[in-house]
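Here is the structure we will look at.
Residue numbers (my numbering): 11 to 1098.
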């Protein structure tokens, strides 16, 4: 059949009209579309037979003001097509005689395709440019093999990377390094309940490269900070097994921080991803605005994280092995003052308030000299309970392969970490901390028929952990409040030290109070069937069953403790027993568990009509979660979600895009009339760089896209309350009613929580505008977003109802409103030269929330939460330190014995005294407003070095409690920080000291929450650094190993911050927590 392409135009006698120059910049476009673009710029019409031209052949071409002949030469180079100009017609033919006249010799070529980090790329498509229906793909080692003619050109293409054309030129080995190009037109991205071409994605979302997740940590959440914009991650502890980072997408937008966590999906099902092994992850996506999350309705208000695990590949079994062995070390351990300094500061603090010396100089000198550490102890409790180094190790072995009918992936992983506690050897049982986890991941994809796909996935883990019977909180609390001179931790004959009353010392808590051994197991399973009905139309269904079990066997005892009172004539220690212990371990069992069932059914449609592309999706889902270890009726009732989701998209010529999404969800927490909510979103996108008028600018800007979305999402999570529309009651004898003249008491039923029949959804209206751009021949990428969210109807208890109304608990209502807005930006650059490759990246996020409505009642307007941040602190304004009695006399009255060197506060309400009514909003809060990350990767041949820095700003901590505030609980409780000498004294009356005048007894207002104790905890951290070397294949082929790579990797090695007392992410208080951890690991990975 003869085909022509073109538009009907007036015919001109002047052939020069047709011969105008051509300007084009197209990437990976069908040749038929390119011919149409040429016709639009000229009066030429292309004429050809269908069997002559492969109209689906993809073309990448960039020309500026070139004559038509030069353009056609490039367009058909390396093909068997010919062209001929005949007036306004360009006739396309095929050269048969030339090919037949000179037979060409076929050559078998091989090669390896790698990325700019020298890692092999699996599944890269290699096609012969002149014969695009002939090609192959790289295997698990990045290798390929192909029979070609010596003069042919190969096209290498891969999702997320820039396509490359490479001439064979008679070579037998053709190795290629591919450059990342996240905005490639045919790339796809994971979106809610599916995938879309990247160019058509309108919502604000980002992906994390899976190689960036391969960090030697137990918990996947620990490796996310600084990787992408919009994700806030705060690590409050690194205790093995309890080390989930707090994750927020675009900060906190509701009044309950615990209800701000994003929805996380693993293989399309709501699941935790903390224990997923990084080697098993295929894609990691973060959805941020309403257009991206509206399809999740009730559960999408706080953003969505989507993780897909790896699938199989066609071919023979291919194995991959990765093993690391590492040393771990606390990022920062609190440094306490020594015993002699403690006693000197104690004397000073007592004398300054009119007391006497608490310690004689003789005792101080004996302590300083270490004359008798059992009678005059000098103990650094942090060094007594924590070791300098510990270890971790990880291993992963996976295999993938398959045939035309079935492909599979199986992964096995092991992680082992020893804790930072010292081995006290005080008992014949193990009370130290360890965490061991075993993972299995298996995914099977079947294609029994051409139009049918069946996916079966089973994943799970088994974890065993061991801990001291005393919690980490109590151990570190003891280390903070036990002075260094209080007791010796252990006497030479094995007796445990404790003072009168039998207070347990931290070492005894660690090693002599028993242990707890825990087992945790989780199994994920899902079955998905997809059936193609017609071209572009498919239906699918999914069923998943998950189960989780937790068991803790706790063995406890109370040890005998003693206090050394002196020595006898022979020098033997004399003891006083301070606690009578127990001989045997007591046993207790605790268990938790749940089962979850998830159902999903969907219809999908996608088709292209000329330059128009439409798609649609309708989906039903339902989930049920059952507490298998319920202790009451409410816990035994299943948690249930049910809803519909839909998406409809339209695009024209890859220039204009429109999208409508919705979620329709039900929640158990609301009365029937409010049970279901409708949550829509709309979005528009414009790829300006594909416009004809933009062609002249494509030499500078290769890609430019504008995005805008608005949407509404819901939240039904209610802290500590289910079935809010029902009242809760009790019938006990602790509440009575009084009647009659004699006020007779009658016991009866009492309402605990009043019913809230009108309570309904918490609603979030989200607006987002964004820009995507590529420059420098697609090597530089930029993404920018600005967003605003208005959260209303937040579920809170009312506080304005007076107590004389007689309610035990005030009722709930949709009375809160919060606004959150900010900006995000991500940039990246990648390039390569011969044996060198370089990539750099950076991201920045800022968000600020503000309370617009709540039900708080305060005495003064400056104490309202309205207008302030969600996590706003309130405290006094410190104006400095008093310098003289006269200044004190002229100042507002402060409680207690106020003297020079004490903190001077601002009298906000002007009533002449300092009290709680003078407290105002202070500080930024414990969750940073600004987070950022930047890094680089440079490669030379097989050698590669990469580093990633992560930081936070607009964040602070307020100090409080024993061990930080000197002698806050008197002279016998509380350690002192090593910077205690930086204090106000009469001999050193500086205003810039860390501590005001020290005090014991007759306490004043120095330790009130105030700006004096508010410390900036902004920081920059070297989050990850790696040096690797890929061994040449010629070294390894004898043992049939490919792509062997050795590496050394560091995590959390350096932190730069003005705050020095403890790790900056531990937050408010005194840092009395299990410390955060850094590590250095040596590893190897290889394939065979």
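In this text, a Cβ means the ideal position worked out from N, Cα and C, and glycines have one as well.
Option in the options with minimal Cα separation from residue i
i	options	result
residue 728	402, 770, 584	770
residue 806	501, 863, 405, 620	863
residue 226	370, 161, 54, 404	404
residue 581	1015, 1030, 688, 502	502
residue 719	780, 713, 604, 762	780
residue 340	1095, 1090, 222	1090
residue 129	1073, 1043, 1077, 1067	1043
residue 314	385, 328, 994, 257	257
residue 97	490, 52, 630, 84	52
residue 825	266, 495, 585	266
residue 881	794, 967, 907	967
residue 460	510, 66, 495, 544	544
Length of the line joining the Cα atoms of residue i and residue j
i	j	result
residue 445	residue 409	26 Å
residue 427	residue 597	26 Å
residue 93	residue 70	19 Å
residue 626	residue 1071	56 Å
residue 21	residue 56	Confidence at residue 21 is low in this model, with a pLDDT of 34, below 50, so the placement of that residue is unreliable and no value is reported for it.
residue 679	residue 210	37 Å
residue 724	residue 851	34 Å
residue 391	residue 924	37 Å
residue 395	residue 560	28 Å
residue 988	residue 263	39 Å
residue 583	residue 576	6 Å
residue 35	residue 101	23 Å
residue 1082	residue 962	22 Å
residue 476	residue 439	11 Å
residue 673	residue 281	19 Å
residue 454	residue 552	14 Å
residue 423	residue 330	12 Å
residue 7	residue 658	A query on residue 7 cannot be resolved here, the shown segment of the chain reaching from 11 to 1098 and no further.
Same chain only: Cβ atoms within 6 Å of residue i, ignoring 5 sequence neighbours per side
i	result
residue 685	676
residue 916	887, 889
residue 345	988
residue 1084	247, 249, 482
residue 224	288
residue 557	533, 605
residue 941	242, 855, 962
Sequence-distant residues of the same chain with beta carbon closer than 7 Å to residue i, five excluded per side
i	result
residue 354	374
residue 166	123, 134, 136, 173, 174, 176, 186, 188
residue 109	Residue placement at residue 109 is flagged as unreliable, the pLDDT there being 41, under the threshold of 50; the coordinate-derived value follows with that caveat. Around residue 109: 90.
residue 54	28, 48, 78, 98, 100
Cβ-based neighbour list, residue i, same chain, cut-off 8 Å, excluding 5 preceding and 5 following
i	result
residue 819	762, 763, 764, 807
residue 722	300, 304, 689, 690, 691, 773, 774, 775, 776
residue 876	861, 862, 863, 864, 866
residue 1086	245, 247, 248, 340, 341, 342, 1062, 1073, 1075, 1076
residue 1065	341, 342, 1029, 1030, 1031, 1032, 1073, 1074
If contact is defined by three or more beta carbon pairs under 8 Å, each pair taking one atom from either stretch, is the segment 1009-1029 in contact with the segment 1040-1060?
no
Contact between the segment 659-667 and the segment 284-303 is defined here as three or more beta-carbon pairs at a separation below 8 Å; is this criterion met?
no
I'd like to know if the segment 828-841 and the segment 783-794 are in contact, where contact means that at least 3 CB-CB pairs between them fall below 8 Å.
yes
At 3 residues or longer, what runs of the beta strand (DSSP E) sit wholly inside the segment 454-511?
462-478
Can you list the beta strand (DSSP E) stretches of 3 or more residues lying completely in the segment 565-620, in chain order?
571-577, 583-589, 596-619
Runs of beta strand (DSSP E) wholly within the segment 852-940 (minimum 3 residues, chain order):
883-885, 888-891, 913-915, 930-932
Runs of 4 residues minimum, wholly inside the segment 376-431: which ones carry the alpha helix (DSSP H) assignment?
391-395
Touch test, the segment 962-979 against the segment 306-325, Cβ-Cβ under 8 Å, three pairs minimum:
no
Entirely within the segment 508-566 and at least 4 residues each: give me those alpha helix (DSSP H) ranges in chain order.
516-521
Tell me the start and end of each unbroken beta strand (DSSP E) in the segment 280-352 that is at least 3 residues and wholly inside, in chain order.
291-297, 314-319, 325-340
Pair every Cβ in the segment 352-369 with every Cβ in the segment 231-248, then say whether three or more of these pairs are closer than 8 Å.
no
How about the segment 644-664 and the segment 286-297: do they share at least three Cβ pairs that are nearer than 8 Å?
no
Which runs of the beta strand (DSSP E) fall wholly inside the segment 1002-1072 and span at least 3 residues, in chain order?
1024-1026, 1029-1040, 1052-1066
Do the segment 463-472 and the segment 513-524 touch if we need at least three Cβ pairs shorter than 8 Å?
no
3-residue-minimum beta strand (DSSP E) runs that sit fully inside the segment 220-267, ordered along the chain:
241-244, 256-259
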